[in-house]
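For the sequence shown, my numbering gives the first residue as 71, with consecutive numbering after it. Using N, Cα and C, we set each Cβ at its ideal position, and we do this for glycine too. A short write-up of the structure that comes next.
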Amino acid sequence: MDLNVTLTLCGVLLALAAFAGWRGSKPSDPMKGPRLMPWRFIMVTASAFALFMMVHAVNLLGVTTGRR
Numbered sequence: 071m072d073l074n075v076t077l078t079l080c081g082v083l084l085a086l087a088a089f090a091g092w093r094g095s096k097p098s099d100p101m102k103g104p105r106l107m108p109w110r111f112i113m114v115t116a117s118a119f120a121l122f123m124m125v126h127a128v129n130l131l132g133v134t135t136g137r138r
């Protein structure tokens, strides 16, 4: 995966994490029924994958991460 795709995917994942965090923080409305989307789980998952994409972007820039 090249740098442009990695940074675009990272931006999309960060936007998804921010949106899911906003939706997850809204109080539930019992009159509308239960929440059907696990917004907190979506937020944490998107954040974790965004972190992986950031590390991948740093590796593409030539910085060595991890053991060698």
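CB of residue i within 8 Å of CB of residue j, strictly
i: Ala116; j: Leu83; result: yes
Cβ-Cβ separation, residue j to residue i (assumed contact under 8 Å), whole Å
i: Met124; j: Cys80; result: 6 Å
Of the residues the options, the one placed nearest residue i, counting alpha carbons only
i: Ile112; options: Met71, Thr134, Trp92 and Leu73; result: Trp92
i: Leu73; options: Thr134, Leu130 and Asp99; result: Leu130
i: Gly94; options: His126, Leu86, Leu121 and Trp109; result: Trp109
Same chain, Cβ closer than 8 Å to residue i, neighbours up to 5 away in sequence not counted
i: Arg105; result: Ser98
Start-to-end residues for the alpha helix (DSSP H) that takes in residue i
i: Arg110; result: Trp109 to Leu130
i: Arg93; result: Leu73 to Ser95
Same chain, Cβ closer than 7 Å to residue i, five either side skipped, listed in chain order
i: Ala87; result: Met113, Ala116, Ser117 and Ala120
i: Ala127; result: Leu73, Thr76, Leu77 and Cys80
i: Thr135; result: Val125, Val128 and Asn129
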